[in-house]
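A quick write-up on the structure given underneath.
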Amino acid sequence: VAFIPFIMWRRSKGSERIIDATRHSKGSSEGKGVKSCHDGEEQGDGVMNWAETFMLDPKIFRYPETIEEVTSLVNSNLKIRCAGALHSCAPLISSEGIIMSLTKLDKIINIDAERMTVKCQSGARIHDICTAVAPYNMALGTLGTIDWQTISGAVMTGTHGGALTIPSLHTFVNSYTLVKPDGQLETICKVSDPKLFSAMAPSMGVFGAVVEMEVQCVPLQILAARMEVIEVEKLIDTFESIMQSNKYARVVVYPSINKATIWRANPVSSRNEAIAMGAVNSDGYTNFRNDTEKSLLQKYLNLCNAERFDEADLVLHDVLNSQLSRLHHYVGQYNHILCKERNNGIPHADIEFNFDFKKNREVLRTVKSYCDQKRVPYYNFEIRTTKQDDAMLSCCQGRDSMWIDFQAKADVSREFFGEIEAVLKPIGFRKHWAKGMDNTSPEYVAQQFPQMDEFLGLMKEWDPDGKFRNTQGEGWFQMMDSAVANQESEVLRGV
Numbered sequence: 014v015a016f017i018p019f020i021m022w023r024r025s026k027g028s029e030r031i032i033d034a035t036r037h038s039k040g041s042s043e044g045k046g047v048k049s050c051h052d053g054e055e056q057g058d059g060v061m062n063w064a065e066t067f068m069l070d071p072k073i074f075r076y077p078e079t080i081e082e083v084t085s086l087v088n089s090n091l092k093i094r095c096a097g098a099l100h101s102c103a104p105l106i107s108s109e110g111i112i113m114s115l116t117k118l119d120k121i122i123n124i125d126a127e128r129m130t131v132k133c134q135s136g137a138r139i140h141d142i143c144t145a146v147a148p149y150n151m152a153l154g155t156l157g158t159i160d161w162q163t164i165s166g167a168v169m170t171g172t173h174g175g176a177l178t179i180p181s182l183h184t185f186v187n188s189y190t191l192v193k194p195d196g197q198l199e200t201i202c203k204v205s206d207p208k209l210f211s212a213m214a215p216s217m218g219v220f221g222a223v224v225e226m227e228v229q230c231v232p233l234q235i236l237a238a239r240m241e242v243i244e245v246e247k248l249i250d251t252f253e254s255i256m257q258s259n260k261y262a263r264v265v266v267y268p269s270i271n272k273a274t275i276w277r278a279n280p281v282s283s284r285n286e287a288i289a290m291g292a293v294n295s296d297g298y299t300n301f302r303n304d305t306e307k308s309l310l311q312k313y314l315n316l317c318n319a320e321r322f323d324e325a326d327l328v329l330h331d332v333l334n335s336q337l338s339r340l341h342h343y344v345g346q347y348n349h350i351l352c353k354e355r356n357n358g359i360p361h362a363d364i365e366f367n368f369d370f371k372k373n374r375e376v377l378r379t380v381k382s383y384c385d386q387k388r389v390p391y392y393n394f395e396i397r398t399t400k401q402d403d404a405m406l407s408c409c410q411g412r413d414s415m416w417i418d419f420q421a422k423a424d425v426s427r428e429f430f431g432e433i434e435a436v437l438k439p440i441g442f443r444k445h446w447a448k449g450m451d452n453t454s455p456e457y458v459a460q461q462f463p464q465m466d467e468f469l470g471l472m473k474e475w476d477p478d479g480k481f482r483n484t485q486g487e488g489w490f491q492m493m494d495s496a497v498a499n500q501e502s503e504v505l506r507g508v
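Each residue of the sequence shown is one higher than the last, beginning at 14 in our numbering.
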């Protein structure tokens, strides 16, 4: 399957969405031997993320190909943000100086079959790593529904899978090698420096430019997958058992027709075992939605825009029937089964909430009540679960978690996201760092992470001048710092 990048070029002369960071760069000069990205493009061209929610001026992008070039850029620029595959739905990489894309640092350096580790550069794509380690009967420890991301971008934003017994991707990293804000190269290891390592990811890249990583792998498995459709009311009663009784599970809810697809996958000893039980063999990736189903979903959105809702809902039934005919029962290699969005979806904005798994029934009833009263501006939302871990800014820190990812077209997303956030706030949530954070107050975010003060202290110690923080991030961290200080003051006063 050919690689489809998450970088989209749009001609947008005069667009207010383009951020011309070159106008704000102070004292910036080119790193030795590193050329500007896309020199000579028209002024109106822009680099857009996959979600079509954010656009940047291509003239500020730099594409280093060696660690020496990364070091040169770090030493010669006052403001830097690092970029990967641009899959994030948030403006994480906007910069008042340069944006350093790490996508050309994409080498897989070493595979150690005895230790079951892979050492790679930070820009290596997840699907390339999966392909490289598979002949050694190895696999990455968890995967999201896509594998286009760079390994460092996925880890730095807290990418998770869909398994209650498996933690997020950052927990499988053994070490990070990064170019620090002062230009020095340093390796941070899980064993030798557990406190600093705990802050490294997710951290949105505020400690420096990660250039290499060592990742712990797991045995490669063959998975048999099944899909069924149930009523949303039944989902509320069975969700917990579904997640606990399957190694991998993903729920997609279609609220306007009160249906949910339950997708589950479990290890089998061989393809033949699953085929003997009725599974269809899949030699490669099997997309959750094929091109016909994607076209139907676009038709659904068009009908909704015309307020032809009854017709739109009939289209959703066609989509589910088509999916069931393809995905009822099939078998394939681990990464080919788990990464189900290889053909890209319809571009949309995301906001993803993380809850204590123990609150799953309350969360689902609250969301259903909202959807019963108001038609949401998109065809579905997605639910997954993840095992707890101990990273400082992990949404799963200290608790097994359930995630709900709401989606909407960019032009209607802010109002919808604000409403659903207000509905869910009394339950208490954390937020995916790359999805919809600009809808949430920094003060609220700070209250959800017990080690936020420790993280902020390490961040300021490592990068006192904020070289790797943009204006938005700097403002956010300052407000979170103030919120933490206020909390500590209230504790001292006995409030």
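Heads up, the beta-carbon is just placed ideally off N, CA and C, and yes, glycines get one too.
This structure is a prediction, so every number in the text was calculated from the model and none was measured.
DSSP on residue i, reduced to helix/strand/coil?
{"i": "proline 194", "result": "coil"}
{"i": "phenylalanine 3", "result": "Outside the modelled stretch of the chain, which goes from 14 to 508, sits residue 3, for which no answer is possible."}
{"i": "cysteine 50", "result": "Unreliable positioning characterises cysteine 50 in this predicted model, as indicated by a pLDDT of 36, which lies under 50. A coordinate reading is not provided."}
{"i": "glutamate 428", "result": "helix"}
{"i": "threonine 116", "result": "coil"}
{"i": "cysteine 230", "result": "strand"}
{"i": "methionine 61", "result": "strand"}
{"i": "glutamine 311", "result": "helix"}
{"i": "threonine 155", "result": "coil"}
{"i": "arginine 412", "result": "coil"}
{"i": "glutamate 43", "result": "Since pLDDT at glutamate 43 reaches only 46, below the 50 mark, its modelled position is unreliable, and the value read off the structure follows with that caveat. Reduced to three states, the DSSP call for glutamate 43 is coil."}
{"i": "serine 495", "result": "helix"}
{"i": "leucine 177", "result": "coil"}
{"i": "valine 219", "result": "coil"}
{"i": "proline 280", "result": "strand"}
{"i": "aspartate 323", "result": "helix"}
{"i": "histidine 361", "result": "coil"}
{"i": "serine 338", "result": "helix"}
{"i": "tyrosine 392", "result": "coil"}
{"i": "leucine 469", "result": "helix"}
{"i": "alanine 145", "result": "helix"}
{"i": "glutamine 464", "result": "coil"}
Can you list, in chain order, the residues of its chain whose CB lies under 7 Å from that of residue i, leaving out five sequence neighbours each side?
{"i": "glutamate 253", "result": "Asn373"}
{"i": "glutamate 487", "result": "Gly479"}
{"i": "methionine 492", "result": "Pro455 and Glu456"}
{"i": "serine 135", "result": "Leu115, Leu118, Thr163, Ile164, Ser165, Val223, Val224, Glu225 and Met226"}
{"i": "leucine 309", "result": "Val328, Asp331 and Val332"}
{"i": "tyrosine 149", "result": "Ile124 and Ala126"}
Verify whether the separation of the beta carbon atoms of residue i and residue j is less than 8 Å.
{"i": "phenylalanine 74", "j": "valine 60", "result": "yes"}
{"i": "alanine 237", "j": "alanine 278", "result": "yes"}
{"i": "cysteine 408", "j": "glutamine 401", "result": "no"}
{"i": "cysteine 133", "j": "isoleucine 164", "result": "yes"}
{"i": "valine 219", "j": "aspartate 476", "result": "yes"}
{"i": "leucine 351", "j": "tyrosine 267", "result": "no"}
{"i": "tryptophan 276", "j": "arginine 263", "result": "yes"}
{"i": "valine 231", "j": "glycine 154", "result": "yes"}
{"i": "valine 192", "j": "valine 228", "result": "no"}
{"i": "valine 344", "j": "alanine 287", "result": "yes"}
For residue i, which option in the options has the closest C-alpha, if you only look at C-alpha atoms?
{"i": "threonine 170", "options": "Pro390, Gly411, Ser101 and Gly136", "result": "Ser101"}
{"i": "asparagine 271", "options": "Leu333, Ile255, Asn259 and Lys92", "result": "Leu333"}
{"i": "tyrosine 313", "options": "Asp119, Ala325, Asn303 and Ala319", "result": "Ala325"}
{"i": "alanine 421", "options": "Phe301, Lys92, Ile111 and Phe394", "result": "Phe394"}
{"i": "proline 71", "options": "Glu82, Leu99, Leu469 and Leu91", "result": "Leu99"}
{"i": "glutamate 78", "options": "Ile112, Lys120 and Asp413", "result": "Lys120"}
{"i": "asparagine 499", "options": "Gln485, Ala459 and Met472", "result": "Ala459"}
{"i": "glutamate 320", "options": "Ile139, Val380 and Arg388", "result": "Arg388"}
{"i": "leucine 198", "options": "Ser295, Thr305, Ser282 and Glu82", "result": "Glu82"}
For the alpha helix (DSSP H) that contains residue i, what are its first and last residues?
{"i": "serine 89", "result": "80 to 89"}
{"i": "histidine 349", "result": "347 to 351"}
{"i": "asparagine 373", "result": "373 to 386"}
{"i": "methionine 290", "result": "Careful: methionine 290 lies outside any alpha helix (DSSP H) and carries neither H nor E."}
{"i": "alanine 212", "result": "207 to 213"}
Can you list, in chain order, the residues of its chain whose CB lies under 6 Å from that of residue i, leaving out five sequence neighbours each side?
{"i": "glycine 196", "result": "Thr84, Val87 and Asn88"}
{"i": "glutamate 65", "result": "Pro360 and Ala423"}
{"i": "leucine 105", "result": "Met217"}
{"i": "arginine 482", "result": "Val219"}
{"i": "cysteine 317", "result": "Ala325"}
{"i": "serine 108", "result": "Ala34, Lys92, Arg94 and Asn483"}
{"i": "serine 426", "result": "Ala362"}
{"i": "histidine 51", "result": "Below a pLDDT of 50, predicted positions are generally treated as unreliable, and histidine 51, at 34, falls in that range; the measurement from the model is reported next regardless. Contacts found: Pro71."}
{"i": "cysteine 202", "result": "Ser188"}
Determine whether the Cβ of residue i lies closer than 8 Å to any Cβ atom of chain D.
{"i": "valine 266", "result": "The structure shown contains no chain D, having only a single protein chain."}
What residue does the beta strand (DSSP E) around residue i start on, and which one ends it?
{"i": "asparagine 123", "result": "121 to 125"}
{"i": "methionine 240", "result": "235 to 244"}
Return the chain-ordered list of same chain residues with a C-beta closer than 8 Å to the C-beta of residue i, the five sequence neighbours on each side being excluded.
{"i": "arginine 339", "result": "Thr299 and Asn303"}
{"i": "threonine 398", "result": "Gly175, Ala176, Leu177, Met256, Ala262, Phe370, Asp413, Ser414, Met415 and Trp416"}
Report whether the distance from the Cβ of residue i to the nearest heavy atom of the ligand SAH is below 7 Å.
{"i": "glycine 218", "result": "Judged by which ligands are present, the structure shown has none, so any question about the ligand SAH falls away."}
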